Structure formats: C-alpha cells, structure tokens
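**Student:** The following block contains the structure, expressed as structure tokens.
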Amino acid sequence: MAELTQGRDLSNRRPSALFTERFNVDTSVARSIYRGQPVILDKSVDTVNIVGWVAAVTLVTAADVFIGIANENITVAAGDLEVTKEIDVITDGEVGFQSAAFTDADVGKTVVFTDSGTLAVGTGSATQCTAGKIARVANGYVYVQLTTRQFVF
C-alpha cells in the first residue's frame, strides 16, 4: 500500500471495547487526515493539536506521541480556527485493518505504520510509527491492540 488518499475500511470485533475521543487538528498548514490514518501529537509542529502521520514526517523519540487512529476524514485549510476543526480518533481497543500480509504467527508482535496506509511487523523509529500489538488475524483483517498515549518509539 502507500500513503492514504481516502478513508479506509476499519473493523472491530468488540465495539463496546473501542474508545474514541474528539481532538482538534493543527491548522498551521492545509492538511487532510483520512479514516484509518495514525494521528500523532507532533511536538515540533504543535504541542496541543494533532496531525495525521505520513512517512514524510520524521518522528522524534521521547517527544512525539501516538494518539490513535482517525475514525473519520477531515480536511483543513491553513489558518482555519483550530477549535472548530475536530476529528474523532480511536484511542483504545482493537482496530481491524484490511491486510493479507499477516498470519497467526504474527500475533503478539509489535506492528508499525511504514506510511499512513501500510502496516508491518517492526520497531518504531524516526520513519515508522508504532501502533500496537497484533491481537488477531482473521477474515482478511489484522486486529491491532492500540498502544496509545505513549511516545512513538
């Protein structure tokens, strides 16, 4: 896959165990965030409002924080009033992403985003955003138990 250009299908096995929160989006530049995209607090951009993570964003250890997965799409213009630009973010629970790249042997392994649309087994780094651990692989989906509110690596 590659960077998202539209929202992606998500699945969850236990809707009652999925937690979402609304966050304001940084509007220092025009940006789009798509459903299924990782969102972070990029402290070199804004210390309060979130941004969608893409591979072009260099992650900073012990500074940037993985917040969760966008649960809807949003597009903002540069200079939009940030308090009016909110997005629903999945902050806890198991999120299912369509993928044929994983097997049952991957359960328990750490999963990272290598770009906003691609998941892989790996370790967080300046170029890979840690999402959580693989909880299950079933029916064409990989279910990731999110590890949020932690430094990206």
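Residue numbering for the sequence shown follows the working numbering, beginning at 23 and increasing consecutively.
A virtual CB, placed ideally from N, CA and C, is assigned to each residue, including glycine.
Please read these numbers as outputs of a predicted model, since none were measured by experiment.
1) Would you list the residues sitting across from G74 in a DSSP beta bridge?
2) Pairs of beta-carbons, one from the stretch 66 to 73 and one from the stretch 153 to 162, closer than 8 Å: are there three or more?
3) Output the boundary residues of the beta strand (DSSP E) element that contains A142.
4) Do you know how far the Cα of F41 is from the Cα of A123?
5) Using alpha carbons as the reference points, say which of A127, Q150 and V134 lies closest to F119.
6) Quick check: the stretch 51 to 64 against the stretch 80 to 99, are there 3 or more CB pairs under 8 Å?
7) Who are the near neighbours of Q150 in its chain, counting only those whose CB is closer than 6 Å to its CB and skipping five residues on each side?
8) Pull up the CB-CB distance for V159 and N34, whole angstroms please, since I reckon it's below 8 Å.
9) Comparing alpha-carbon positions, which option in T80, E43, S50 and G29 lies nearest F175?
10) According to DSSP, is D128 part of a helix, a strand, or is it coil?
11) Using DSSP with H/G/I as helix, E/B as strand and the rest coil, what is V104?
12) Contact check, D102 vs T49 under 8 Å by CB: the rounded distance?
13) Secondary structure at S33, three-state DSSP: helix, strand or coil?
**Tutor:** Working from what's here:
1) One-based indexing of the sequence shown puts residue 74 at position 52. Paired residue(s): V61.
2) no
3) Position 120 of the sequence shown, counting from 1, holds the residue named residue 142. Per DSSP, A142 belongs to the beta strand (DSSP E) from T140 to V143.
4) On the sequence shown, residue 123 is found 101 positions in, with the first residue counted as 1. On the sequence shown, residue 41 is found 19 positions in, with the first residue counted as 1. Spanning the two alpha carbons is a distance of roughly 26 Å.
5) By one-based count along the sequence shown, residue 119 stands at place 97. F119 has its Cα closest to that of V134, out of A127, Q150 and V134.
6) yes
7) As a first step, residue 150 must be located in the sequence shown, where it is residue number 128. Same-chain partners within the cutoff: V134, T136 and G144.
8) Residue 159 sits at position 137 when you count from the first residue of the sequence shown. Residue 34 sits at position 12 when you count from the first residue of the sequence shown. About 14 Å; that fails the 8 Å criterion.
9) Within the sequence shown, residue 175 is the residue found at index 153, counting from 1. Here the closest residue by C-alpha is T80.
10) Taking the sequence shown and counting its residues from 1, the one referred to as residue 128 is at position 106. DSSP places D128 in helix when its eight states are reduced to three.
11) Numbered from its first residue, the sequence shown carries residue 104 at position 82. It should be pointed out that residue 104 corresponds to Glu in this sequence rather than to Val. E104: helix per DSSP, three-state reduction.
12) Translated into positions along the sequence shown, residue 102 becomes position 80. Translated into positions along the sequence shown, residue 49 becomes position 27. That pair is a contact at about 4 Å.
13) Working through the sequence shown from its first residue, we reach residue 33 at position 11. Three-state result, S33: strand.
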